[in-house]
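S.K.: Per our numbering, residue 60 is the first one in the sequence shown, and the count goes up by one each step.
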Amino acid sequence: MFSRPFRVVHALFTGLVLTAGAAAASVAVTPVAADPLAVARWLALDCGNPAGVPAADVLAGIPAPRIINLQGSVPIVTMQSFAEFLIAMGYPEASLRDPRDASLSLSSYTSSEELAGMLAWYYERDGMRPMLIGHSQGGMLVVRTLYELAGEFRDAVPVFDPMANAVEARTTIRDPYSHAQRPVVGLEVAFAAALATGTLPRILLGQWSMISRLRRIPDTTQEFTGFAIAWDPIAGNFATMEPYVAIGSAQVRNILLPATVSHIGMPLTGHLAANPVARAWIDAYRPEAAGAPVPDAADVDLRNLVHAADLWYSIRRHWCLEGQRLLRAQGPT
Numbered sequence: 060m061f062s063r064p065f066r067v068v069h070a071l072f073t074g075l076v077l078t079a080g081a082a083a084a085s086v087a088v089t090p091v092a093a094d095p096l097a098v099a100r101w102l103a104l105d106c107g108n109p110a111g112v113p114a115a116d117v118l119a120g121i122p123a124p125r126i127i128n129l130q131g132s133v134p135i136v137t138m139q140s141f142a143e144f145l146i147a148m149g150y151p152e153a154s155l156r157d158p159r160d161a162s163l164s165l166s167s168y169t170s171s172e173e174l175a176g177m178l179a180w181y182y183e184r185d186g187m188r189p190m191l192i193g194h195s196q197g198g199m200l201v202v203r204t205l206y207e208l209a210g211e212f213r214d215a216v217p218v219f220d221p222m223a224n225a226v227e228a229r230t231t232i233r234d235p236y237s238h239a240q241r242p243v244v245g246l247e248v249a250f251a252a253a254l255a256t257g258t259l260p261r262i263l264l265g266q267w268s269m270i271s272r273l274r275r276i277p278d279t280t281q282e283f284t285g286f287a288i289a290w291d292p293i294a295g296n297f298a299t300m301e302p303y304v305a306i307g308s309a310q311v312r313n314i315l316l317p318a319t320v321s322h323i324g325m326p327l328t329g330h331l332a333a334n335p336v337a338r339a340w341i342d343a344y345r346p347e348a349a350g351a352p353v354p355d356a357a358d359v360d361l362r363n364l365v366h367a368a369d370l371w372y373s374i375r376r377h378w379c380l381e382g383q384r385l386l387r388a389q390g391p392t
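(1) For H238, does the three-state DSSP call read helix, strand or coil?
(2) Candidates A215, L129, Q281: which alpha carbon is nearest T169's?
(3) Thinking C-alpha only, which one of P292, I293, A287 is nearest E301?
(4) Would you kindly work out how many angstroms separate the C-alpha atoms of G111 and L178, rounded to a whole number?
(5) Which stretch, first to last residue, makes up the alpha helix (DSSP H) that contains M148?
(6) Is the stretch 201-211 close to the stretch 240-248, with three or more CB pairs under 8 Å?
(7) Looking at the secondary structure, which residues open and close the beta strand (DSSP E) in which A252 lies?
(8) Could you spell out the range, first to last residue, of the alpha helix (DSSP H) harbouring H194?
(9) Nearest to L118 by alpha carbon, out of V98, S132, H330, H366?
(10) By DSSP, does D360 sit in helix, in strand, or in coil?
(11) Would you kindly report the start and end of the unbroken beta strand (DSSP E) that includes L102?
(12) Who are the near neighbours of S166 in its chain, counting only those whose CB is closer than 7 Å to its CB and skipping five residues on each side?
(13) Pairing CB atoms from the stretch 267-282 with CB atoms from the stretch 226-239, are three or more of them under 8 Å?
(14) Quick one, which of V311, V320, L386 has its alpha-carbon nearest P292's?
(15) In whole angstroms, what is the alpha-carbon distance linking A294 and G257?
(16) Can you find the residues in the same chain that come closer than 8 Å, C-beta to C-beta, to P217, ignoring five residues on each side of it along the sequence?
(17) From N313 to M187, what does the alpha carbon distance come to, in whole angstroms?
(18) Please state the DSSP three-state secondary structure of T89.
(19) Select from A147, P335, M199, V311 the residue whose C-alpha is nearest the C-alpha of L259.
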């Protein structure tokens, strides 16, 4: 097996060779067909502060990156409810459904190599960096896939076509911005999150390669949020949480949720978007005000409100940023 320094040099050299002679041009994806006034309005949005921005009204129509939701090891509850929450809040359904079977939740037993190749396929096609969100073992797969993209487990990762459900005979993609061929290894995602992902299950399930890596986030995501539940016996978590830390430049946040949050029921958030009180609180949520009082309404089901609101804030922000990046690269329509 090649040493880590050799793999880094090899990847850099390969990237330079593949880039040589490639002509820079506008983004190489289907142009967004939209009214110039709508595009101007989207480009004027303050993506850094999405609080109070109802996506269904303000972001509707702006290109949206792919979100892959990964369920836990025993899918008594899958990530379907969370995906339905996102759709009801205004996220485009087409950017959430699996093109193979239209499902909204992906198995956490999916290969990290396959998932990394799939992310590259989406980026090449859509021109936007995808997002990864995983519950329990799905959160482990999120982190493992970030390491896969970092070249930690192999020197080259093949592209995976989710529509054909097949590995492609290539380990590079055509970058939609530079038009240069670039390896799958080194690709970034816009945002990643792990919900109630513990070290103890990694030991019990023999996932040895992830025990030392689970809380160390590489640079293959721009932003990462880790959620833990106090006194979560399934995750092996007690009163506090073992924090996630960046090993480079990724922005990493940690959120400890109260013990009243259910490990198994954590993804059940679809009901929140249907209630005007909960929905207004979620739209107004800001991470720096995470301790703000929740709505005082006895007849409102507020289960899973805080982590749903925090995730929706980050998703809206990166939806806005990735959409604006694509629109600017495409220029006037």
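Heads up, the beta-carbon is just placed ideally off N, CA and C, and yes, glycines get one too.
M.R.: Judging by the given coordinates:
(1) coil
(2) L129
(3) A287
(4) 30 Å
(5) 139-148
(6) yes
(7) 248-254
(8) It is not in any alpha helix (DSSP H) - H194 instead sits in the beta strand (DSSP E) that spans 190-194.
(9) V98
(10) coil
(11) Taken as a continuous stretch (DSSP letters only), L102 belongs to no beta strand (DSSP E), being part of the alpha helix (DSSP H) at 95-102.
(12) Q130
(13) no
(14) V320
(15) 4 Å
(16) E172, G176, V226, E227, A228, R229, T230, V243
(17) 25 Å
(18) coil
(19) M199
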